[in-house]
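Undergrad: Start counting the sequence shown at 1; every next residue gets the next number (UniProt numbering). The beta carbon of each residue, even a glycine, is placed where N, CA and C say it ideally should be. It should be emphasised that the depicted structure is a prediction, and the values quoted were computed from it without experimental measurement. Sharing a structure below in structure tokens format, with a few things to ask.
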Amino acid sequence: MNNYVVCTKINPSVSLIPCRISQKISRFFSLLVALGFAVATNVSLAQDGLLSTDQDSTATYPATYFADFDPHSVSDMLDRIPGINVARGGPGGGGGPGSSRGSNRRGLGAGGDQVLINGRRIAGKENEGNDQLSRIPASQVEYIEIIRGTSGDLDVRGGGQVINIVMLDAESSSTIAYELNADRSWDGTYTPGVRVSLSGQRGALDYFVTGEREPQYQLNRSSEHSVFPDGSPNDRLQKETTQEASPLTLVGNFGYEFSERDLVHLNLQWSEDNQDTELNRIIVDDKFENPVLSLQFEDLPSDSETREVGGDYEHIFSNGSRFKTLFIVNEKDDLFVRERYDVDSSDRTKTLFLSSSELTKERIVRTSYTFDVFDTQSLEVGVERAQTILDTSLQLGLLTGDEISDRFGGLSPVTDANGAVEEMRYEYFAVHNWQLNNRMSLESTLLFEDSTIKQSGDISQSRDFDFVRPKIDYRFDITPSLQFRTTIEKDVSQLSFGDYTTSAETNRGSDDDRNQLEGNPDLEQEKSWRYEANLEYRLPNDSGVINTNLFYHDLEDVIEKVDVSTEDDVLSANGNIGDGERYGLKIDGSLRLGFLGQPNMLVTTGLELEDSGVTDPFTGMKRRLSRGGRGEFNIGLRHDIPSRNMNWGFSIRNRFDGNNITYDIDKNEEYEGSNSYFSWVEMQGWGGLTYRFEARDEFVRCRSRDRFENRSVGDGGLRELEKSCWDTGTVLALKVRGTF
Numbered sequence: 001m002n003n004y005v006v007c008t009k010i011n012p013s014v015s016l017i018p019c020r021i022s023q024k025i026s027r028f029f030s031l032l033v034a035l036g037f038a039v040a041t042n043v044s045l046a047q048d049g050l051l052s053t054d055q056d057s058t059a060t061y062p063a064t065y066f067a068d069f070d071p072h073s074v075s076d077m078l079d080r081i082p083g084i085n086v087a088r089g090g091p092g093g094g095g096g097p098g099s100s101r102g103s104n105r106r107g108l109g110a111g112g113d114q115v116l117i118n119g120r121r122i123a124g125k126e127n128e129g130n131d132q133l134s135r136i137p138a139s140q141v142e143y144i145e146i147i148r149g150t151s152g153d154l155d156v157r158g159g160g161q162v163i164n165i166v167m168l169d170a171e172s173s174s175t176i177a178y179e180l181n182a183d184r185s186w187d188g189t190y191t192p193g194v195r196v197s198l199s200g201q202r203g204a205l206d207y208f209v210t211g212e213r214e215p216q217y218q219l220n221r222s223s224e225h226s227v228f229p230d231g232s233p234n235d236r237l238q239k240e241t242t243q244e245a246s247p248l249t250l251v252g253n254f255g256y257e258f259s260e261r262d263l264v265h266l267n268l269q270w271s272e273d274n275q276d277t278e279l280n281r282i283i284v285d286d287k288f289e290n291p292v293l294s295l296q297f298e299d300l301p302s303d304s305e306t307r308e309v310g311g312d313y314e315h316i317f318s319n320g321s322r323f324k325t326l327f328i329v330n331e332k333d334d335l336f337v338r339e340r341y342d343v344d345s346s347d348r349t350k351t352l353f354l355s356s357s358e359l360t361k362e363r364i365v366r367t368s369y370t371f372d373v374f375d376t377q378s379l380e381v382g383v384e385r386a387q388t389i390l391d392t393s394l395q396l397g398l399l400t401g402d403e404i405s406d407r408f409g410g411l412s413p414v415t416d417a418n419g420a421v422e423e424m425r426y427e428y429f430a431v432h433n434w435q436l437n438n439r440m441s442l443e444s445t446l447l448f449e450d451s452t453i454k455q456s457g458d459i460s461q462s463r464d465f466d467f468v469r470p471k472i473d474y475r476f477d478i479t480p481s482l483q484f485r486t487t488i489e490k491d492v493s494q495l496s497f498g499d500y501t502t503s504a505e506t507n508r509g510s511d512d513d514r515n516q517l518e519g520n521p522d523l524e525q526e527k528s529w530r531y532e533a534n535l536e537y538r539l540p541n542d543s544g545v546i547n548t549n550l551f552y553h554d555l556e557d558v559i560e561k562v563d564v565s566t567e568d569d570v571l572s573a574n575g576n577i578g579d580g581e582r583y584g585l586k587i588d589g590s591l592r593l594g595f596l597g598q599p600n601m602l603v604t605t606g607l608e609l610e611d612s613g614v615t616d617p618f619t620g621m622k623r624r625l626s627r628g629g630r631g632e633f634n635i636g637l638r639h640d641i642p643s644r645n646m647n648w649g650f651s652i653r654n655r656f657d658g659n660n661i662t663y664d665i666d667k668n669e670e671y672e673g674s675n676s677y678f679s680w681v682e683m684q685g686w687g688g689l690t691y692r693f694e695a696r697d698e699f700v701r702c703r704s705r706d707r708f709e710n711r712s713v714g715d716g717g718l719r720e721l722e723k724s725c726w727d728t729g730t731v732l733a734l735k736v737r738g739t740f
């Protein structure tokens, strides 16, 4: 039974405050009050130990801070900063249901990846600031800022912290950085890669060009066995999947300063990722007295090509006001093919052909004007227009004995689906920033989103949507080392175009009984009210950071699997299943071991605890969100030894076991907690080059699957229980880096 208070909304699509009040909200604010009381107590006890030499909430790290470590790239520099995992991790609670965040968002928005270059956001989606951190040479950096406050001068909004990389200002300079690398998989396969970048400045022009081809090879060995509900054996499977790819990426970022008040940027990116995947399957049918052995082979090639052009122009007026406009045009072309063969001693017989193609186009223009209302208040107003188009085509052929077609791989046509989805979206926004005093700031955002989604092909329709999304961000520097942050936000997720149309099951045959995913043209957006509170304490003398985050998300129109069965088939698709909630606690710590005589040894830890609730559409029972999980724990160590020009370290991540389940109309899948580790040793050697050895492993992962006849009818009719485990083995890597 639902635990929400019953109430009425006049118009829920434009409500500025949540009408439903969950019991968990009162728990959230009770915890918040308790946290604030504990903070007040601890501050009074620890005040004498705090470093208070700077009243600014921005931590600045000049290039000289990293001189003893001789870093190769900006990413290497950031790894030496205590608490950088908090800055790079984004807001607490992640994205999750009802969130408009994430790399797959349409349009640009005011968020982004919270990384600025020279105080400016890169006009790109595939080519954002965070993507450049491992490409920009450390020798080009003047200083790095970790910005903990809010300001009308920032190009991104809404993040917990912002990283600003400030480059050297020189009349003429250039640096070439390169990296040669090779991976060794657990079957002895070697895959080479290379990255070369050129960066520099010539007068008013600054530039950055890079090209890289990264090795990708994976050997996945898995086993599966299944039984019937009475415990009698069904079958056993052994699978071996090999995946090879060498994605190629070319990037160019250019900036030109016409004057102190006029600046323009142009950003280009092209990438190609062609993967060859082969799967060999051994099936043992145990239903008979004498088990029956059969062999299958699958060929699963895929091609992907991405093109993006972005740019921006900024003008600063004499009174300090700023006008900025940017554009992004991108295309992504994906093709996936799956062919299955039955194999005997002398021949192969094709039994399945599946082809799926998707072409995604996006065109974005965003314009804003920022000005000071008073000395301590600024206002940014603007509009964003984003057009997104998706064209899809899917063909499924099976060996049925009916008439065959070359378009279906020489098999009989079963499904021939085509569709097109287009969204035209306008986002009108106003952001008011108020520096209440030298220790407090309040930033309020009001955003109105108006969109039209048109669908054609097998289904033709048009729908209009509009939403009001307010947000409040309050920050209080209790001391220069201790900051309290809290946000309240109404968010609306973006619908995945892939959920509108029929698409292929492209997860490399993870479910051998499913070939395609159904679409749902009547899908509605997930909405959420998101409450977050954050407390960050920076230890004296840059010796560490402790960060605590509490979050509660009140969800509406949660998207999970719903029943779309026909008279002939039991089918499901993504649909809206009602309201839910998600809440949790996240603690991150970073500590230098100077008190043990090891100031260059940095320990990082993280703990995330999470729970959620929603009503299952098939059984009516309260449960966690699909793949909601319980949280995870991670720990890492980095040890720099400047006297020997070397460093080493490791990181370990563990997701907690229990109730990590995906729910569908004909199956439930429970995933065991997954572990992974990463370790490295790096040193300078011959020729002034940097040599880095890495090892990584995700260990064995397992999944239990219960198959049902139809979970929306009666008890569901349990018909099969499966248990599978897979392993990708340990990967070793050698990287050689240099600059000139």
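How close, in whole Å, do the beta carbons of residue 119 and residue 58 come, if the pair is a contact with beta carbons under 8 Å?
TA: Residue 119 sits at position 119 when you count from the first residue of the sequence shown. Residue 58 sits at position 58 when you count from the first residue of the sequence shown. 12 Å between Cβ atoms; not a contact.
Undergrad: Less than 8 Å separating the beta-carbons of residue 718 and residue 182?
TA: Here residue 718 refers to the residue found at position 718 when the sequence shown is read from its first residue. Here residue 182 refers to the residue found at position 182 when the sequence shown is read from its first residue. Result no, Cβ atoms of residue 718 and residue 182 do not sit closer than 8 Å.
Undergrad: Roughly how many angstroms separate the alpha carbons of residue 568 and residue 224, rounded to a whole number?
TA: Looking up residue 568 in the sequence shown gives position 568. Looking up residue 224 in the sequence shown gives position 224. Each residue's alpha carbon lies about 29 Å from the other.
Undergrad: Within 10 angstroms of the Cβ of residue 472, are there 16 or more other Cβ atoms? Answer buried if so, exposed if not.
TA: The sequence position of residue 472 within the sequence shown is 472, counting from 1. Under this definition residue 472 is an exposed residue.
Undergrad: Does residue 642 come out as helix, strand or coil in the three-state DSSP assignment?
TA: Start at 1 with the first residue of the sequence shown, and residue 642 comes out as number 642. Helix.
Undergrad: What is the DSSP secondary structure of residue 699, reduced to helix, strand or coil?
TA: Indexing the sequence shown from 1 puts residue 699 at position 699. Coil at residue 699, not helix or strand.
Undergrad: Which residues mark the beginning and the end of the beta strand (DSSP E) in which residue 271 is found?
TA: The sequence position of residue 271 within the sequence shown is 271, counting from 1. From DSSP, the beta strand (DSSP E) with residue 271 extends over 262-285.
Undergrad: Which one of 695, 614 and 241 has the shortest CA to CA distance from residue 650?
TA: Walking along the sequence shown from the start, residue 650 turns up at place 650. Nearest of 695, 614 and 241 to residue 650, Cα basis: 695.
Undergrad: Could you give the first and the last residue of the continuous alpha helix (DSSP H) run that contains residue 75?
TA: As a first step, residue 75 must be located in the sequence shown, where it is residue number 75. Run containing residue 75: 74-78, per the alpha helix (DSSP H) assignment.
Undergrad: Please look up how many angstroms separate the CB atoms of residue 679 and residue 655, rounded, as I've assumed it's under 8 Å.
TA: What you label residue 679 is simply residue 679 of the sequence shown in a count that begins at 1. What you label residue 655 is simply residue 655 of the sequence shown in a count that begins at 1. About 19 Å separates the two Cβ atoms, so there is no contact after all.
Undergrad: Please go through the same chain and pick out, in chain order, the residues whose beta-carbon is closer than 6 Å to the beta-carbon of residue 445, but skip the five residues on each side of it.
TA: By one-based count along the sequence shown, residue 445 stands at place 445. Closer than 6 Å at Cβ, skipping near neighbours: 431 and 471.
Undergrad: Say the cut is 7 Å; is the CB of residue 274 nearer than that to a heavy atom of the ligand NAP?
TA: Inclusion of the ligand NAP in the displayed structure is not the case, the ligand content being empty and no account of it being possible.
Undergrad: Measuring alpha carbon to alpha carbon, tell me which of 329, 730 and 624 ends up nearest residue 306.
TA: What you label residue 306 is simply residue 306 of the sequence shown in a count that begins at 1. For the residues 329, 730 and 624, the minimum Cα distance to residue 306 belongs to 329.
Undergrad: Contact check, residue 711 vs residue 633 under 8 Å by CB: the rounded distance?
TA: Indexing the sequence shown from 1 puts residue 711 at position 711. Indexing the sequence shown from 1 puts residue 633 at position 633. In fact, because the Cβ distance is near 33 Å, the residues do not count as touching under 8 Å.
Undergrad: Quickly, what does DSSP pair residue 380 with across the bridge? List them, please.
TA: Residue 380 sits at position 380 when you count from the first residue of the sequence shown. Answer by DSSP bridge pairing, in chain order: 370 and 431.
Undergrad: Kindly give me the distance between the Cβ atoms of residue 665 and residue 570, rounded to whole angstroms, as I take these residues to be in contact under 8 Å.
TA: Your numbering for residue 665 matches position 665 in the sequence shown. Your numbering for residue 570 matches position 570 in the sequence shown. Going by Cβ atoms, the distance from residue 665 to residue 570 rounds to 6 Å, so yes, they are a contact pair.
Undergrad: Given a cut-off of 8 Å, decide if residue 154 and residue 166 are closer than it, judged by their beta-carbon atoms.
TA: By one-based count along the sequence shown, residue 166 stands at place 166. By one-based count along the sequence shown, residue 154 stands at place 154. Against a cut-off of 8 Å, the Cβ pair of residue 154 and residue 166 comes out as no contact.
Undergrad: How would you label residue 77, buried or exposed, when you count the other beta carbons within 10 angstroms and need 16 or more for buried?
TA: Taking the first residue of the sequence shown as 1, we reach residue 77 at position 77. Residue 77 should be labelled buried.
Undergrad: What residue range does the beta strand (DSSP E) around residue 192 cover?
TA: Translated into positions along the sequence shown, residue 192 becomes position 192. Note, residue 192: beta strand (DSSP E), 190-202.
Undergrad: Is the Cβ-Cβ distance between residue 79 and residue 645 less than 8 Å?
TA: Taking the sequence shown and counting its residues from 1, one reaches residue 79 at position 79. Taking the sequence shown and counting its residues from 1, one reaches residue 645 at position 645. It is not a contact, given that the beta carbons lie outside the stated cut-off.
Undergrad: Whose C-beta lies closer than 6 Å to the C-beta of residue 700 among residues of the same chain, with five residues either side of it excluded?
TA: Residue 700 sits at position 700 when you count from the first residue of the sequence shown. The answer, listed in chain order, is 725 and 727.
Undergrad: Keeping to the same chain, check which residues put their C-beta closer than 6 Å to that of residue 600; ignore five residues upstream and five downstream.
TA: What you label residue 600 is simply residue 600 of the sequence shown in a count that begins at 1. Same-chain partners within the cutoff: 640.
Undergrad: For chain D, is any of its Cβ atoms less than 8 Å away from the one on residue 75?
TA: Chain labels in this structure do not include chain D; a single protein chain is all it has.
Undergrad: Residue ranges of each beta strand (DSSP E) run of no fewer than 3 residues wholly in the stretch 666-695, ordered along the chain?
TA: Taking only runs of at least 3 residues, the beta strand (DSSP E) segments lying wholly in the stretch 666-695 are 667-671 and 675-684.
Undergrad: Note down, in chain order, each residue of its chain lying with its Cβ closer than 8 Å to the Cβ of residue 730, except the 5 sequence neighbours on either side.
TA: For the purposes of this step, residue 730 is identified with residue 730 of the sequence shown, where counting begins at 1. Result list for residue 730: 186, 695, 696 and 697, in chain order.
Undergrad: Exposed or buried, what is residue 583 when buried is set at 16 or more other beta-carbons lying within 10 Å of its beta-carbon?
TA: Indexing the sequence shown from 1 puts residue 583 at position 583. Under this definition residue 583 is a buried residue.
Undergrad: If you measure between the beta carbons of residue 261 and residue 300, is that distance less than 8 Å?
TA: Walking along the sequence shown from the start, residue 261 turns up at place 261. Walking along the sequence shown from the start, residue 300 turns up at place 300. Not a contact, by the Cβ cut-off of 8 Å.
Undergrad: Once DSSP output is grouped into helix, strand and coil, what is the label at residue 185?
TA: If you number the sequence shown from 1, residue 185 lands on position 185. If DSSP states are grouped into helix, strand and coil, residue 185 belongs with coil.
Undergrad: Look at the alpha carbon of residue 115 and the alpha carbon of residue 457, and state the distance between them as a whole number of angstroms.
TA: Counting from 1 along the sequence shown, the entry for residue 115 is found at position 115. Counting from 1 along the sequence shown, the entry for residue 457 is found at position 457. So the two alpha carbons sit approximately 40 Å from each other.
Undergrad: Ignore the nearest five residues each way along the sequence and tell me which others in residue 662's own chain have a CB closer than 6 Å to its CB.
TA: The residue labelled residue 662 in the question sits at position 662 within the sequence shown. 626, 627 and 669.
Undergrad: Whole angstroms are fine: how far does the CA of residue 398 sit from the CA of residue 412?
TA: Here residue 412 is taken as the residue at index 412 of the sequence shown, counted from 1. Here residue 398 is taken as the residue at index 398 of the sequence shown, counted from 1. Cα-Cα distance, rounded: 5 Å.
Undergrad: What are the uninterrupted segments assigned as beta strand (DSSP E) that are 3 or more residues long and contained completely in the stretch 303-382, given in chain order?
TA: The qualifying runs are 322-343 and 348-374.
Undergrad: So for residue 760, helix, strand or coil by DSSP?
TA: Absent from the model: residue 760. The displayed extent of the chain is 1 to 740, so no value can be given.
Undergrad: Let me know if residue 537 comes out buried or exposed under the rule of 16 or more other beta-carbons within 10 Å of its beta-carbon.
TA: Counting from 1 along the sequence shown, the entry for residue 537 is found at position 537. Counting Cβ neighbours within 10 Å, residue 537 comes out buried, since at least 16 surround it.
Undergrad: Tell me whether the beta-carbon of residue 495 lies closer than 8 Å to the beta-carbon of residue 525.
TA: Locating residue 495 in the sequence shown gives position 495, counting from the first residue. Locating residue 525 in the sequence shown gives position 525, counting from the first residue. Their beta carbons are under 8 Å apart, which means residue 495 touches residue 525 by this criterion.
Undergrad: Taking the alpha-carbon positions, what's the residue 233 to residue 134 distance?
TA: In the sequence shown, residue 233 corresponds to position 233, counting from 1. In the sequence shown, residue 134 corresponds to position 134, counting from 1. For residue 233 and residue 134, the distance between alpha carbons rounds to 51 Å.
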